[in-house]
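To get the numbering used here, take the position in the sequence shown, counting from 1, and add 364. Single-structure report; data block below.
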Amino acid sequence: MTEKMTESQDAMSGCLYIVATPIGNLKDITLRALEVLEAVDWVAAEDTRHSKKLLQHYGVNKPLISLHDHNELERRDELLARLEKGETGALISDAGTPLISDPGYHLVSLLRDAQVRVEPVPGASAMIAALSAAGMPTNRFTFEGFLPAKKQKRLHALEALLAEPRTMVFYESPHRLLESLAAFKEVFGSDREMVVAKELTKQFETFVSGGVETVLSFFEQHPDKVRGEFVLILSGCAVVEVDATALSAEAENLIQILLGQSLPVKQISEIVSDAYGLKKKVVYQSVLELKN
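What follows is the structure, given as structure tokens:
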């Protein structure tokens, strides 16, 4: 069992703290986060220039170590060695909780394997903040992170989620927002309910909700709103009671997509029957007919 942090530096020896930082409003940092950042020997950050300004705002002056997607695999051994010598460190991202669509997984995995202490210092998360205020089902959800940049890979990623019943959460950058919303419309249709949250906790925080086409039209008509980082929340596939012998247009569409991915007929039948509550024999026959 991991010991709780105390004021003694010895109690923190050989530990990496995963410290959440604000996603917008600088007041959204915890007292414990400030305490940890003041006490550690160094801070690993995705963008040291950005993080230096952030830490200076709180009066924290610690050595900064660059840790990002392009150098994490090379740098993690160095950080492991320092922690094994008894140093303490903190890992922060540009905003929010580290490792959530941010660097750090390879480092933390290595430290866990080496039995070096890793402790979370929880705080702000854009995903959780958006979900909490979106008015979408949150009892079950799946986080998909950023969609692929290339169109076909993006469409394939979304097609794999066509029968997903849980609320889906994505991150998106401003220069790909419209492309991703258009892909949502192509795959999920115009009426699938969704919410887009932007500039969370900032002065111009905005939530836009409605069918996919409604949300897409809003941002097409308001290009000035396509700024900042976005959280896209999409409702899951509706699970409804249906005639177990009748295929809906949506079920047939899913079959066509799965056929396009060259999946075996039996596997397609199982996926579609589970997703729509249909009899497997009926779906199997329909797959054969559509395939031919």
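Beta carbons: idealized from backbone N, C-alpha and C, even for Gly. Keep in mind the model is a prediction, meaning the values are calculated, not measured.
As assigned by DSSP and simplified to three states, the class of residue i
{"i": "N656", "result": "coil"}
{"i": "Y535", "result": "strand"}
{"i": "E563", "result": "coil"}
{"i": "D374", "result": "Only weak support exists for where D374 lies, its pLDDT of 46 falling under 50; the value from the coordinates is given anyway. Three-state result, D374: helix."}
{"i": "T412", "result": "helix"}
{"i": "M558", "result": "strand"}
{"i": "P587", "result": "helix"}
{"i": "E438", "result": "helix"}
{"i": "I387", "result": "coil"}
{"i": "I621", "result": "helix"}
{"i": "V606", "result": "Caution is warranted here: a pLDDT of 48 is assigned to V606, below 50, making its placement in the model unreliable, and the coordinate value is therefore given only provisionally. The answer is coil: DSSP assigns V606 none of H, G, I, E or B."}
{"i": "T502", "result": "coil"}
{"i": "Y648", "result": "helix"}
{"i": "A524", "result": "coil"}
{"i": "M365", "result": "Note that M365 has pLDDT 40, beneath the 50 cutoff, so the model's placement of it is unreliable and the number below is only indicative. Note: M365 maps to coil in three-state DSSP."}
{"i": "I464", "result": "coil"}
{"i": "A489", "result": "One point to set straight first is that residue 489 is Ser, not Ala, in the sequence displayed. In this structure, S489 counts as coil in the three-state DSSP scheme."}
Distance CB(residue i)-CB(residue j) smaller than 8 Å
{"i": "F552", "j": "V576", "result": "yes"}
{"i": "H470", "j": "E436", "result": "yes"}
{"i": "A322", "j": "I456", "result": "The shown model of the chain, from 365 to 656, leaves out residue 322, and the question about it has no answer."}
{"i": "L622", "j": "I635", "result": "yes"}
{"i": "D333", "j": "H414", "result": "No answer is possible for residue 333: the residues shown for the chain start at 365 and end at 656."}
{"i": "V404", "j": "T452", "result": "yes"}
{"i": "L642", "j": "E616", "result": "no"}
{"i": "A494", "j": "A602", "result": "no"}
Proximity winner among the options, relative to residue i (alpha-carbon distances)
{"i": "W406", "options": "P386, T394, I382", "result": "I382"}
{"i": "G600", "options": "H432, Y640, E616", "result": "Y640"}
{"i": "L598", "options": "V559, S496, L475", "result": "V559"}
{"i": "L611", "options": "T452, K644, F582", "result": "K644"}
{"i": "V590", "options": "V404, L542, Q479, H432", "result": "L542"}
{"i": "I429", "options": "I619, K417, Q631, L443", "result": "L443"}
{"i": "A547", "options": "V400, M491, K515", "result": "K515"}
{"i": "Y422", "options": "L401, D433, S637", "result": "L401"}
Cβ separation of residue i and residue j, assumed to be a contact under 8 Å, to the nearest whole Å
{"i": "T385", "j": "G460", "result": "7 Å"}
{"i": "V579", "j": "L545", "result": "6 Å"}
{"i": "A388", "j": "E536", "result": "A quick correction: the sequence has Gly, not Ala, at residue 388. G388 to E536, Cβ: 16 Å. No contact."}
{"i": "R440", "j": "L474", "result": "5 Å"}
Minimum Cβ-Cβ distance from residue i to chain C less than 8 Å
{"i": "F583", "result": "The structure shown has no chain C; it contains just one protein chain."}
How do the region 495-510 and the region 523-536 stand: do at least 3 beta-carbon pairs fall below 8 Å, yes or no? Here the region 495-510 lies against the region 523-536, with 3 or more beta-carbon pairs under 8 Å apart.
Are three or more beta carbon pairs between the region 392-408 and the region 479-489 nearer than 8 Å? With the cut-off at 8 Å, the region 392-408 and the region 479-489 touch.
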